[in-house]
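Per this note's numbering, the sequence shown runs over residues 25 to 495.
C-beta atoms are modelled at their ideal positions from N, C-alpha and C, and glycine is treated no differently.
Owing to the predicted nature of the structure, the values given are computational and were not obtained by experimental measurement.
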Amino acid sequence: MPSQRPHGAVHPGIKWGRFTLRIPGIHVDLTPSTQFQGGLLLLATGGATAPLLMQYFGVSFEIAWTVMLVMFFWVFAQTFLFGDVYSAGGIAAGLPLTIIFLNDFSPGPEAIRAMIAVTLVVSFLFLFFGITRLGERFNRLVPATLKAGIIMGAAVAAFQSELDRLERMPFTLLTAWVVVLALMFSAPFARLPNSRLKMLVGANALLVAFMAAGVVGLISGELRFDIEWGLFVPPLRETLDTLAPWSVGLPSWGVIASAIPIGVMIYILAFGDLLVADTLLKGADKARSDEKLDIDHTRSHYVLAIRNLAQLVTAGPLVMLHGPIWTGVQVFLIERYKQGRTVMDSLFTGTTNFYLLAIPLGMLMPVLGLIMPMLPVALSVTIVLTGFACAYVAMAMVQGNIERGLVLTIGMLTAVMGPAWGIGAGILLYFLMLGRGGERAAEPVAEEDVTESLEGEASYTPPNAAEGERA
25 MPSQRPHGAV
35 HPGIKWGRFT
45 LRIPGIHVDL
55 TPSTQFQGGL
65 LLLATGGATA
75 PLLMQYFGVS
85 FEIAWTVMLV
95 MFFWVFAQTF
105 LFGDVYSAGG
115 IAAGLPLTII
125 FLNDFSPGPE
135 AIRAMIAVTL
145 VVSFLFLFFG
155 ITRLGERFNR
165 LVPATLKAGI
175 IMGAAVAAFQ
185 SELDRLERMP
195 FTLLTAWVVV
205 LALMFSAPFA
215 RLPNSRLKML
225 VGANALLVAF
235 MAAGVVGLIS
245 GELRFDIEWG
255 LFVPPLRETL
265 DTLAPWSVGL
275 PSWGVIASAI
285 PIGVMIYILA
295 FGDLLVADTL
305 LKGADKARSD
315 EKLDIDHTRS
325 HYVLAIRNLA
335 QLVTAGPLVM
345 LHGPIWTGVQ
355 VFLIERYKQG
365 RTVMDSLFTG
375 TTNFYLLAIP
385 LGMLMPVLGL
395 IMPMLPVALS
405 VTIVLTGFAC
415 AYVAMAMVQG
425 NIERGLVLTI
435 GMLTAVMGPA
445 WGIGAGILLY
455 FLMLGRGGER
465 AAEPVAEEDV
475 TESLEGEASY
485 TPPNAAEGER
495 A
């Protein structure tokens, strides 16, 4: 019997410093249906960056998948080990910018050291703003036009990166793109009556897209599935010998300096994810008076720094850094949570169970046989959705033709010339074109309206899906 929670209290666990350990089966209920659904979805989407590790770090699939399995552990750790209430994910909007940065380095040790530099810079920023609690003030100092330009840079870079991949798998990728964009963003689909079939398909848009792409890829000969029995044994020693900082060496100060602009951009994107998470959780808190949701930005900053640094020393760097929230999963779990304590005792019940089976399932060879050929498709869908969402979010952040023109200009400079050029030229153009305090922010929206919008979209209407892919 899991620990009982007094009405209106924080869910019990084992406190250690600022963090709280909650053990599955002892502090939270076990729900097998959520475990299988979450485990498979995390493998398909979270593991999508394995091909990027192979491409930029020059490693085998076995090493790349080992890095993914370790990543799954640190994603799970946010909930069960550190006690943060968010559904952990990655900073997906930063992935296209990271790809631009890595393109300046040779694949192999040079690119690995460059990614180590990015990880160190971002981890330092999380620690610094966590200790000083200046994150919100820093976020307010950055004009909306510059933030939107950074996000637009991620959008442009996302679509750029997919052009070459499209030539290699045209039928498979176009099928995946059309299906997922139609289910997540289509206005005609959103206007259909909310039938059980629509809700089911919309709730599993990614899986539906993967299944459709798998069938088309198999028929067209672009995909081949090789199913084997057995267990995947992660080559941890070989992985550390190949990717660990003490194996490839630390990056030079010059490389670290070059990683600062992209590190700042990634931090801004991650802080935006925290604000989205807070909005969602406040709505959940109002719906359930029986549990107090403990939101602590300082703890969240510490957790993100620890997760990224721990990833670095236990399996080497990631191409997509650990982030605070997988928004689509958070919305899905909150909607179930709001149905009452009999459906989900605690929000930690949902977040813990959703990630619990990812590693065991990821070590089964039959599962790997199905997932391996689909990883390029999953990566492509992740990047395209990120680009689509970033594009319309960036344009929605500003008002007026000058601001919109600047957003696109900063985005293009970031995508083509790199993050340093994007930030430097963006600041210069901002003051030349708008002057100090000269921008017209987009029309403010009440926090309650934002919450209702985000949660209403959990019924699988298009806008929520865009936010959902920032995982």
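Residue of the options minimising C-alpha distance to residue i
i	options	result
Arg46	Met396, Phe104 and Gly340	Phe104
Met139	Ile38, Phe96, Ile115 and Tyr80	Tyr80
Thr381	Val52, Met368, Val355 and Phe100	Inspection of the sequence shows that residue 381 is occupied by Leu rather than by Thr. Closest option to Leu381, Cα to Cα, is Phe100.
Thr376	Ser324, Ala413, Thr55 and Asp188	Thr55
Ala420	Ile38, Leu77, Ala112 and Ala168	Ala168
Trp201	Gln423, Thr410, Ala418 and Val405	Val405
Gly287	Gly62, Ala329 and Asp314	Ala329
Thr69	Gly82, Trp89 and Asp53	Trp89
Arg360	Ile349, Trp253, Trp350 and Thr373	Thr373
Glu252	Pro269, Ile395 and Asn425	Ile395
Val497	Tyr291, Gly448, Phe412 and Tyr379	Because the chain is modelled from 25 through 495, residue 497 falls outside the range shown and cannot be assessed.
Leu267	Pro131, Met441 and Gln28	Pro131
Arg157	Gly386, Gln363 and His325	His325
Thr366	Asp53, Gly424, Arg42 and Phe412	Asp53
Ala146	Val401, Ala283, Pro400 and Leu298	The sequence given here has Val at residue 146, not Ala. Among Val401, Ala283, Pro400 and Leu298, the Cα nearest to that of Val146 is on Ala283.
Chain-order list of residues whose beta-carbon lies under 6 Å from that of residue i (same chain, five-residue window excluded)
i	result
Thr438	Gly177 and Gly446
Thr73	Val343 and Met344
Met78	Ala88
Pro133	Val272
Gly435	Gly173, Met176, Gly177 and Val180
Leu119	Met344
Pairwise C-alpha distance: residue j and residue i
i	j	result
Phe234	Val431	33 Å
Pro36	Asp309	17 Å
Ala237	Glu186	16 Å
Glu476	Arg137	Low per-residue confidence applies at Glu476: pLDDT is 42, beneath 50, and the placement is therefore not dependable, though the value from the model is reported in the following sentence. In a straight line, the C-alpha of Glu476 is about 44 Å away from that of Arg137.
Glu427	Glu246	43 Å
Thr199	Val240	7 Å
Leu305	His321	13 Å
Leu126	Gly114	18 Å
Asp128	Ile349	29 Å
Gly82	Gly32	51 Å
Thr410	Gly173	15 Å
Leu121	Thr58	33 Å
Gly364	Val417	32 Å
Glu315	His346	27 Å
Assigned secondary structure, residue i (DSSP; H/G/I helix, E/B strand, else coil)
i	result
Ile38	strand
Leu345	coil
Phe43	strand
Pro131	coil
Pro48	strand
Gly459	coil
Val166	coil
Val422	strand
Gly63	helix
Gly114	strand
Leu149	helix
Leu388	strand
Leu247	coil
Leu511	This structure cannot settle anything about residue 511, because the visible part of the chain is limited to 25 through 495.
Leu299	helix
Leu158	coil
Leu205	helix
Leu54	coil
Gly126	The sequence given here has Leu at residue 126, not Gly. Note: Leu126 maps to helix in three-state DSSP.
Leu105	coil
Lys306	helix
Leu231	helix
Ser210	coil
Gln354	helix
For residue i: DSSP bridge partner residues
i	result
Ala33	Glu315
Leu255	Leu388
Neighbourhood of residue i by C-beta distance below 7 Å, restricted to the same chain and skipping five residues each side
i	result
Phe295	Gly159 and Asn163
Val232	Val203, Leu207 and Val225
Asp108	Gln102, Arg323, Ser324 and Val327
Neighbourhood of residue i by C-beta distance below 8 Å, restricted to the same chain and skipping five residues each side
i	result
Leu274	Arg137 and Ile140
Gly254	Met389
Ser313	His31 and Gly32
CB contact check: residue i to chain C, cutoff 8 Å
i	result
His51	Absent here is chain C; the protein component of the structure consists of one chain.
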